[in-house]
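The opening position of the sequence shown corresponds to residue -4 in the numbering used here, with each subsequent residue numbered one higher. Just so you know, even glycine gets a beta-carbon here, dropped at the ideal spot from N, CA and C. Predicted model, so just to flag it, every value in this text is computed and none were measured. The next block holds one structure in the form of structure tokens; read it before the comments.
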Amino acid sequence: MRPRTTRAGALIGRPVAGGRIADLIVDDDHRVVAAIVVRGRWGRLLGYERDETGGPWLLERLARRVWRRNAVEVPWAELRLDEPPD
């Protein structure tokens, strides 16, 4: 039996317990293993929620102060998806 597939675009921005999905973390086989969940309006983090991201120092500093404090990595097995919008 083939595992169920879903497009990343159908998950990004989707409401979950504790906020919205801002990003997905996948393994080497492209299976989702975790999601970055954010509270509030910051739905797109431009990659700055990841520790290994580098970029203009001002944006990196802003990301550390604002965006990352609202971002939580949640293992996929523990994620509770709300019903998709109609």
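Identify, in the order they occur along the chain, each residue of the same chain with its Cβ nearer than 7 Å to the Cβ of residue i, setting aside the five sequence neighbours on each side.
i, result
"residue 71", "27, 28, 29, 30"
At what residues does the alpha helix (DSSP H) containing residue i begin and finish?
i, result
"residue 56", "52 to 57"
By the DSSP assignment, the beta strand (DSSP E) with residue i in it spans what residues?
i, result
"residue 4", "Not the beta strand (DSSP E): residue 4 falls in the alpha helix (DSSP H), residues 3 to 6."
"residue 73", "Here residue 73 belongs to no beta strand (DSSP E), and DSSP marks it neither H nor E."
"residue 17", "14 to 21"
Quick check on this structure: which residue in the options has the alpha carbon closest to the alpha carbon of residue i?
i, options, result
"residue 74", "2, 24, 16, 21", "16"
"residue 69", "0, 11, -1", "11"
State yes or no: is the C-beta of residue i within less than 7 Å of the C-beta of residue j?
i, j, result
"residue 32", "residue 67", "yes"
"residue 5", "residue 19", "no"
"residue 14", "residue 34", "yes"
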